[in-house]
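Residue numbers (the working numbering), protein chains in the order written: chain A, 1 to 201; chain B, 1 to 297. Cβ atoms here follow ideal geometry from the backbone N, Cα and C, with glycine treated the same way. Just so it is clear, the structure is predicted and the values come from calculations on it, not from any experiment. Here's the structure we're looking at; comments come further down.
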Amino acid sequence: MTVIKLTTQAYCKMLLHAAKYPHCAVNGLLVAENQKRKDGQPVLCVDCVPLFHGTLALAPMMEIALTLIDTWCKENKYVIAGYYQANERIKETRPNQFAEKVAARIAENFSEAALIMVDNSNISMGCYDPAISVFEHHDNKWKCRDASIDCCEDWSEAQKIMSALLEDRSYDSLIDFDNHLDDLRNDWTNPEINKSILHLC
Amino acid sequence: MASVSDMYDVTWEEMRDKLRKWREENYRNSEQIVEVGEELIQEHASKLGDDIWIIYEQVMIAALDCSRDDLATTCLHELQKQFQGSHRVKRLAGMRLEALERYDEALKMYNDILQDDSTNTAARKRKIAILKAQGKSTEAIRELNEYLEQFVGDQEAWHELAELYINEHDYAKAAFSLEELMMTNPHNHLYCEQYAEVKYTQGGIENLELSRKYFAQALKLNNRNMRALFGLYMSASHIGASPKASAKVKKDNVKYAAWAASQINRAYQLAGHGTKETKCSLKAVEEMLESMQIMPS
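Right under this line is the structure:
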């Protein structure tokens, strides 16, 4: 059974997205490097593309985003490997029908696709625990794998950097696909935030 | 910690005007409102005149969003002192209880208001908000429908209902709610565009054609609405490739899709003018449109 791991950059950008819109549901994609993996080697999600905030369950913009980001992935030797969602309500941690549909669509192209739900109640300035639950596709259902610090490639680094980014209010400058549609000059690859994260490493 | 006025080199009048702008345009940038509003209240209260009361209300609500119960309580007390027995202030007290998840006490406050004044819409809407916060979507939808039977003109409520339906994946009812909004706001390109998105999501050739028409309408109302442009491209492309469409319909839609694609490319060219970063997304868009080129069969 393949394990999904997240780099610090992927983990941090995902949580920054949730932190930027605390009163909305948010979602986005996770990408991995497109390379042959040995048996048992985990899938490493190296980056995250934040997509939408607010009303998520509508198809057209999601289709555009998937197609566009798929094209971008091909140019950068990535593949879309997962989908994340943070629900609007703090206690609601289960994926809804829309999340399962999008994740299933991604799984058509990448069989080990993961569905990640952000655990809103675990987001804190101190980042004591990983604030995510990973769901994997078994027998047509999405089952939750026990959350543990194994989900991050380097949890102590991710923890330290996430804390610093939250203190700095870096989420103010995070760009998601919705922001990009509002103004095409907004860059959803977030190069500035990537630089900050690298800087803090 | 440096004050807002020092950090951003603004005067108290500019801070007050910013707050008014955020208030009038219904922004929910609560962290900023708390930062600016708290300083305004603490340092410049005497200069604000009667504006201070509405600022207390605005800052209080923002403080609830940021878990600043200390600040929220301060604002609430000032308002309670000034406007004793006011329903508007009582509703704010209820909101504070909601923020503390003391829903039963909040409900009692709202029911008290409604006993005194059964037409108080704010209290009714807060009760629905409590249902929403508790995850009771079906009840929230039912109560909201009842509310709208009485207050048919409440646009905020119709929009809330549309969003509740979308979250429940009940796209047909969401479309109906948006139709109400479009009837009363025929020039609002955002309602048109969202309606088109709902129709697209419902799927099927008739809904796709409707969706294309409404994306086109949204574009007519605002030719810079990128979502409408992308939506027009997607819906026309799907119809152009659909085996259920007649040859003429396919031909027409392929033309619409091609037009939309050229407009999308143009928009990206204009945006990418000069900057290195956007050149990569421009290239991605060009490739995406090329790869999706529908050949008329």
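Closest Cβ-Cβ distance between residue i and chain B: below 8 Å?
{"i": "A/Ala107", "result": "no"}
{"i": "A/Pro60", "result": "yes"}
{"i": "A/Ile64", "result": "yes"}
{"i": "A/Leu16", "result": "no"}
{"i": "A/Arg145", "result": "no"}
{"i": "A/Glu153", "result": "no"}
{"i": "A/Ala57", "result": "yes"}
{"i": "A/Gln85", "result": "no"}
{"i": "A/Trp72", "result": "yes"}
{"i": "A/His23", "result": "yes"}
{"i": "A/Glu112", "result": "no"}
{"i": "A/Glu167", "result": "no"}
{"i": "A/Thr93", "result": "no"}
{"i": "A/Leu174", "result": "no"}
{"i": "A/Leu184", "result": "yes"}
{"i": "A/Gln9", "result": "no"}
{"i": "A/Leu68", "result": "yes"}
Any C-beta of chain A sitting closer than 8 Å to the C-beta of residue i?
{"i": "B/Gly153", "result": "no"}
{"i": "B/Asn167", "result": "yes"}
{"i": "B/Met288", "result": "yes"}
{"i": "B/Glu139", "result": "no"}
{"i": "B/Met226", "result": "yes"}
{"i": "B/Gly204", "result": "no"}
{"i": "B/Gly85", "result": "no"}
{"i": "B/Tyr256", "result": "no"}
{"i": "B/Gly274", "result": "Confidence in B/Gly274 is poor, its pLDDT being 49 and thus under 50, which makes the residue's placement too unreliable to answer from."}
{"i": "B/Gly37", "result": "no"}
{"i": "B/Arg28", "result": "yes"}
{"i": "B/Met182", "result": "no"}
{"i": "B/Met234", "result": "yes"}
{"i": "B/Asp65", "result": "yes"}
{"i": "B/Gly240", "result": "no"}
Exposed or buried, what is residue i when buried is set at 16 or more other beta-carbons lying within 10 Å of its beta-carbon?
{"i": "A/Leu115", "result": "buried"}
{"i": "B/Met15", "result": "buried"}
{"i": "A/Ile53", "result": "Before going on, a small fix: residue 53 of chain A reads as His here, not Ile. The residue in question, A/His53, is buried, as its Cβ has 16 or more Cβ neighbours within 10 Å."}
{"i": "A/Asp70", "result": "buried"}
{"i": "A/Tyr98", "result": "With the sequence shown as reference, residue 98 of chain A is identified as Phe, and Tyr is not the correct amino acid for it. It is buried - the Cβ of A/Phe98 has at least 16 other Cβ atoms within 10 Å."}
{"i": "B/Arg227", "result": "buried"}
{"i": "B/Asp50", "result": "exposed"}
{"i": "B/His238", "result": "buried"}
{"i": "A/Tyr11", "result": "buried"}
{"i": "A/Glu108", "result": "exposed"}
{"i": "B/Asp17", "result": "exposed"}
{"i": "A/Val87", "result": "In the sequence on display, residue 87 of chain A carries Asn and not Val. Answer is buried; the Cβ neighbour count reaches 16."}
{"i": "B/Leu164", "result": "buried"}
{"i": "A/His180", "result": "buried"}
{"i": "A/Tyr78", "result": "buried"}
{"i": "A/Cys45", "result": "buried"}
{"i": "B/Ser297", "result": "Because B/Ser297 carries a pLDDT of 33, less than 50, the predicted location of this residue cannot be relied on, and no value is offered for it."}
With respect to the alpha helix (DSSP H) encompassing residue i, which residues constitute its N-terminal and C-terminal limits?
{"i": "A/Phe98", "result": "Gln97 to Asn109"}
{"i": "A/Pro50", "result": "Run containing A/Pro50: none in the alpha helix (DSSP H); it sits in the beta strand (DSSP E), Val43 to His53."}
{"i": "A/Leu56", "result": "Unbroken run through A/Leu56: none, as it is neither H nor E."}
{"i": "B/Lys250", "result": "Ala247 to Ala271"}
{"i": "B/Ala157", "result": "Gln155 to Asn167"}
{"i": "A/Asn194", "result": "Pro191 to Leu200"}
{"i": "B/Lys21", "result": "Trp12 to Glu24"}
{"i": "B/Tyr8", "result": "Val4 to Tyr8"}
So which of the options has the shortest CA-CA distance to residue i?
{"i": "B/Ala123", "options": "B/Gln150, B/Arg91, B/Glu146 and B/Leu144", "result": "B/Arg91"}
{"i": "A/Arg89", "options": "A/Gly40, A/Asp176 and A/Val118", "result": "A/Val118"}
{"i": "B/His303", "options": "B/Glu179, B/Ser177, B/Asn222 and B/Pro243", "result": "In the structure as shown, chain B starts at 1 and stops at 297, and residue 303 of chain B therefore has no counterpart that could be examined."}
{"i": "B/Asn265", "options": "B/Glu290, B/Asn185 and B/Val254", "result": "B/Glu290"}
{"i": "A/Asp139", "options": "A/Asn120, A/Glu112 and A/Asp154", "result": "A/Glu112"}
{"i": "B/Phe83", "options": "B/Glu197, B/Ser67, B/Glu57 and B/Arg96", "result": "B/Glu57"}
{"i": "A/Leu58", "options": "B/Val198, B/Glu105, B/Tyr27 and B/Trp53", "result": "B/Val198"}
{"i": "B/His159", "options": "B/Glu168, B/Ala174 and B/Ala2", "result": "B/Ala174"}
{"i": "B/Thr119", "options": "B/Glu193, B/Phe151, B/Arg102 and B/Glu143", "result": "B/Phe151"}
{"i": "A/Ile64", "options": "B/Ala261, B/Leu270 and B/Gln269", "result": "B/Ala261"}
{"i": "A/Gly82", "options": "A/Thr93, A/Thr55, A/His137 and A/Met125", "result": "A/His137"}
{"i": "B/Ser235", "options": "B/Ala129, B/Lys250 and B/Met109", "result": "B/Lys250"}
How far does the beta strand (DSSP E) with residue i in it extend, from its first residue to its last?
{"i": "A/Ile69", "result": "Where A/Ile69 is concerned, there is no enclosing beta strand (DSSP E), although the alpha helix (DSSP H) it sits in stretches over Ala59 to Glu75."}
{"i": "A/Gln85", "result": "Tyr78 to Ala86"}
{"i": "A/Lys5", "result": "Ile4 to Leu6"}
{"i": "A/Asp33", "result": "The residue you asked about is not Asp; residue 33 of chain A is Glu in the sequence shown. Per DSSP, A/Glu33 belongs to the beta strand (DSSP E) from Val26 to Glu33."}
4 or more residues per run - each alpha helix (DSSP H) lying fully within the region 112–185 of chain A: 155–167 and 177–182
Please give the ranges of any alpha helix (DSSP H) in the region 170–225 of chain B, keeping only runs that are unbroken, at least 4 residues long and fully inside the region. 171–184, 189–202 and 205–221
Would you mind listing the alpha helix (DSSP H) stretches within the region 44–107 of chain B that are 4+ residues and don't spill past its ends, in chain order? 51–65, 69–82 and 87–99
Ranges of the alpha helix (DSSP H) found wholly within the region 113–149 of chain B, counting only runs of at least 4: 121–133
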